[in-house]
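A short worksheet on the structure shown next.
Protein chains: 2
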Amino acid sequence: MQEMVKVVVDAMGGDNAPAEIVRGAVDAVNKRNDIKVILTGKQKDIEDQLQKYTYPKEQIEIVCASEVIETAEPPVKAIRSKKDSSIVVGMNLVKKGQADAFVSAGSSGAILVGGQLIVGRIKGIERPPLAPLIPTKNGAALLVDCGANVDARPSHLVQFAKMGATYMEHVVGIKNPKVGIVNIGAEEEKGNALVKETFPLLKQCTDINFIGSVEARDIPYGICDVIVCEAFVGNVILKLYEGVGAVLISKVKQGMMTTLRSKIGAMLVKPALKKTLKAFDAGQYGGAPLLGLNGLVVKAHGSSKANEITNSIIQCVQFKQQQINEKIREKIMMQEN
Amino acid sequence: MQEMVKVVVDAMGGDNAPAEIVRGAVDAVNKRNDIKVILTGKQKDIEDQLQKYTYPKEQIEIVCASEVIETAEPPVKAIRSKKDSSIVVGMNLVKKGQADAFVSAGSSGAILVGGQLIVGRIKGIERPPLAPLIPTKNGAALLVDCGANVDARPSHLVQFAKMGATYMEHVVGIKNPKVGIVNIGAEEEKGNALVKETFPLLKQCTDINFIGSVEARDIPYGICDVIVCEAFVGNVILKLYEGVGAVLISKVKQGMMTTLRSKIGAMLVKPALKKTLKAFDAGQYGGAPLLGLNGLVVKAHGSSKANEITNSIIQCVQFKQQQINEKIREKIMMQEN
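Quick mapping for you: the protein sequence lines, in order, are chains U and D.
Letter by letter, the first sequence follows residues 1 to 337 of the numbering used here.
Letter by letter, the second sequence follows residues 1001 to 1337 of the numbering used here.
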């Protein structure tokens, strides 16, 4: 029998916790029999939700945690002081090897800090980046780093490129993924100090398919599979994607409602349009993995519904079965030798 | 009689030069009698275009320039060696006070370098930023800096904020414009080193309406009127705006063409939709001013058609009549005292 992948899920994290989180966990185990979910959080709250559903009981377990880390709390202090929070308890299970992965829609800061302090980095990894998939014209690209390490150094970006390429190849299934660095022009001499220093280092990497600079304009067209950038820039890219997308869709809707003629047209267009636009919605991919840790940590959107939690949990299976961390470890060791 | 505003237009710059540039100039003088356009470039090429149109002859003049700076040329070298290029000749007219403004769709690098080396900075201005208007849900916002000064310092960003606010107030007509700094979270303690250092300096400025950090997600909603950021980030914002917009529109079109039902709907929706989406197109605003120079320099898109050139020329009138540079000079002097 196939080995079970054990995924801890923070039942208390996110705007829609615990209801949507628990539902997401139930949906995941109902879909796949190779997943065991461990829900951390307040026992009573979790049980109240679980009793609504039918699911294979042996695939969901509760581990109690009496505290909750709120979004506004300073992350380092929260991780250190709230030892019995759903995040700290959950991450400790991964640390002790009692689980393979941890999924949370809770405080980004606490997840990033906890990932480093509790789960810990793979030996040789300098900084673990947050790496969400973002939609492109005909697929998706991995954005590393989208917010974990501001003011990163060139050596960090090189590791981001390697880890990102490993993820895209083995989790998403893109053969020899194209890696690009975000720049303000296509030429090698363009850029800020960080990009100018990083560019030649990436060119020297024989274990990735580095295609050079990519301009932000070309990212949505899917010009590369792994988009390497410093966290401040990555965060701007991720959030502007969401913002421009949302405003433009609202403009399209508004435009369709301006005349009687267009209103009739809108009714006819709606179903087909909805389907196409869904392909351009970031939510479908589940959360963003924090790469380079001794175990997988996935950060889901704070606004996650059950569907994103389910996708985040299922993502962990591929990550574990493809032995992504072992592959990252190998790449980093080769780099050091 | 109202004083004429003299605008030099680089007839040789951009993908559609000289045809669209000359047509844009003709349209501008046909629209307004307070503008005089001086076209710089190859006399024969310009005359061949001009003879196609009817316009008040006294409002367009040609000043010969035998050379053209190509986009791929290293900017500093090009500005120094091609003394008889349409850009250098045109900028010299502004420098000597024979014209008020210079508009070009040519090489960005050459325009930025020429602006500093030939036209020169206003005394006290450390770095002149490129400041395009970008569309928002119900209007437009000024993005400073979108590409002129990578790796800027906090004092530069403070000047960008002041110049941007002056522009939005007096050229675009937004009373007491809201100024925000691009950040990766709304809280004051968030950000990279540059933003953390700049934030308190902006808070101290009593002459601008600083609203704090803005996340990229909120920019398209029009959360502020002046968006302050370092050039690398600004360039990513500008280009991602274009990229996400273009891909999403193509997705909408594709979605509308998937079924017979949706195709019929598309025909009905099209006119209304086109109008709404036009409001979200950056081209309508004309080029981006390079703020803080002794005279106005406007960089139009390389792909500019006549319409963008006309809008860029007309923008110069408002800039001159509102005495933007005098207002910037005052603000900077107050800062120094």
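The beta carbon of each residue, even a glycine, is placed where N, CA and C say it ideally should be.
Classify residue i as buried or exposed, calling it buried when 16 or more other Cβ atoms lie within 10 Å of its own Cβ.
{"i": "residue 1187 of chain D", "result": "exposed"}
{"i": "residue 207 of chain U", "result": "exposed"}
{"i": "residue 54 of chain U", "result": "exposed"}
{"i": "residue 98 of chain U", "result": "exposed"}
{"i": "residue 1308 of chain D", "result": "buried"}
{"i": "residue 1333 of chain D", "result": "exposed"}
{"i": "residue 173 of chain U", "result": "exposed"}
{"i": "residue 291 of chain U", "result": "buried"}
{"i": "residue 1033 of chain D", "result": "exposed"}
{"i": "residue 964 of chain D", "result": "With chain D covering only 1001 through 1337, there is no way to say anything about residue 964 of chain D."}
{"i": "residue 338 of chain U", "result": "Look at the range of chain U in this structure, 1 to 337, and you will see that residue 338 of chain U is not part of it."}
{"i": "residue 51 of chain U", "result": "exposed"}
{"i": "residue 320 of chain U", "result": "buried"}
{"i": "residue 1072 of chain D", "result": "exposed"}
{"i": "residue 1044 of chain D", "result": "exposed"}
{"i": "residue 1189 of chain D", "result": "exposed"}
Closest to residue i by C-alpha separation, out of the options, would be which residue?
{"i": "residue 7 of chain U", "options": "U:158, U:61, U:114", "result": "U:61"}
{"i": "residue 1231 of chain D", "options": "D:1152, D:1056, D:1172", "result": "D:1152"}
{"i": "residue 1104 of chain D", "options": "D:1279, D:1289, D:1042", "result": "D:1289"}
{"i": "residue 1296 of chain D", "options": "D:1225, D:1149, D:1224, D:1315", "result": "D:1315"}
{"i": "residue 1029 of chain D", "options": "D:1049, D:1003, D:1013, D:1058", "result": "D:1058"}
{"i": "residue 329 of chain U", "options": "U:76, U:159, U:23, U:26", "result": "U:159"}
{"i": "residue 192 of chain U", "options": "D:1318, D:1020, D:1150", "result": "D:1150"}
{"i": "residue 1210 of chain D", "options": "D:1190, D:1179, D:1189", "result": "D:1179"}
Looking only at its own chain, which residues have a Cβ that is under 7 Å from the Cβ of residue i, when we skip the five neighbours before and after it?
{"i": "residue 1067 of chain D", "result": "1082, 1084, 1085"}
{"i": "residue 1324 of chain D", "result": "1166, 1167, 1170, 1171"}
{"i": "residue 293 of chain U", "result": "115, 119, 120, 121, 122, 128"}
{"i": "residue 117 of chain U", "result": "79"}
{"i": "residue 1318 of chain D", "result": "1171"}
{"i": "residue 1267 of chain D", "result": "none"}
{"i": "residue 1203 of chain D", "result": "1210"}
Can you round the beta-carbon distance between residue i and residue j to whole angstroms, since I take them to be within the 8 Å contact cut?
{"i": "residue 1241 of chain D", "j": "residue 1111 of chain D", "result": "Not a contact, Cβ separation roughly 21 Å."}
{"i": "residue 1156 of chain D", "j": "residue 1327 of chain D", "result": "Actually they do not touch by this definition, with Cβ atoms about 19 Å apart."}
{"i": "residue 243 of chain U", "j": "residue 1217 of chain D", "result": "4 Å"}
{"i": "residue 299 of chain U", "j": "residue 16 of chain U", "result": "Actually they are not in contact, since the Cβ atoms of residue 299 of chain U and residue 16 of chain U sit about 15 Å apart, beyond 8 Å."}
{"i": "residue 313 of chain U", "j": "residue 106 of chain U", "result": "That belief does not hold up - the Cβ atoms of residue 313 of chain U and residue 106 of chain U are roughly 15 Å apart, past 8 Å."}
{"i": "residue 234 of chain U", "j": "residue 213 of chain U", "result": "Actually they do not touch by this definition, with Cβ atoms about 15 Å apart."}
{"i": "residue 331 of chain U", "j": "residue 1215 of chain D", "result": "Not a contact, Cβ separation roughly 33 Å."}
{"i": "residue 205 of chain U", "j": "residue 161 of chain U", "result": "7 Å"}
Given a cut-off of 9 Å, decide if residue j and residue i are closer than it, judged by their beta-carbon atoms.
{"i": "residue 248 of chain U", "j": "residue 1248 of chain D", "result": "yes"}
{"i": "residue 95 of chain U", "j": "residue 119 of chain U", "result": "yes"}
{"i": "residue 1164 of chain D", "j": "residue 1108 of chain D", "result": "no"}
{"i": "residue 220 of chain U", "j": "residue 137 of chain U", "result": "yes"}
{"i": "residue 958 of chain D", "j": "residue 1143 of chain D", "result": "Chain D is shown from 1001 up to 1337; residue 958 of chain D falls before or after that span and cannot be answered."}
{"i": "residue 1177 of chain D", "j": "residue 1224 of chain D", "result": "yes"}
{"i": "residue 1265 of chain D", "j": "residue 269 of chain U", "result": "yes"}
{"i": "residue 1182 of chain D", "j": "residue 236 of chain U", "result": "yes"}
{"i": "residue 1011 of chain D", "j": "residue 1022 of chain D", "result": "yes"}
{"i": "residue 124 of chain U", "j": "residue 335 of chain U", "result": "yes"}
{"i": "residue 1046 of chain D", "j": "residue 1075 of chain D", "result": "no"}
{"i": "residue 87 of chain U", "j": "residue 141 of chain U", "result": "no"}
{"i": "residue 14 of chain U", "j": "residue 286 of chain U", "result": "no"}
{"i": "residue 42 of chain U", "j": "residue 65 of chain U", "result": "yes"}
{"i": "residue 1251 of chain D", "j": "residue 280 of chain U", "result": "yes"}
{"i": "residue 1259 of chain D", "j": "residue 56 of chain U", "result": "no"}
Among residues of its own chain, excluding the 5 on either side of residue i, which ones have a beta-carbon nearer than 8 Å to its beta-carbon?
{"i": "residue 1063 of chain D", "result": "1008, 1038, 1039, 1040, 1089, 1090, 1093"}
{"i": "residue 341 of chain U", "result": "Only positions 1 to 337 of chain U appear in the structure, and residue 341 of chain U is not among them; the question remains open."}
{"i": "residue 1263 of chain D", "result": "1256, 1257"}
{"i": "residue 1020 of chain D", "result": "1014, 1304, 1305, 1306, 1309"}
Short of 6 Å in beta carbon distance, which residues of its chain neighbour residue i, apart from the five on each side in sequence? Order them along the chain.
{"i": "residue 78 of chain U", "result": "69, 110"}
{"i": "residue 1036 of chain D", "result": "1004, 1006, 1059"}
{"i": "residue 139 of chain U", "result": "222"}
{"i": "residue 100 of chain U", "result": "5, 6, 320"}
{"i": "residue 1311 of chain D", "result": "1286"}
When every heavy atom of the ligand MG is checked, does at least one fall within less than 8 Å of the C-beta of residue i?
{"i": "residue 115 of chain U", "result": "As presented, the structure is devoid of all ligands, the ligand MG included, so that no description of it is given."}
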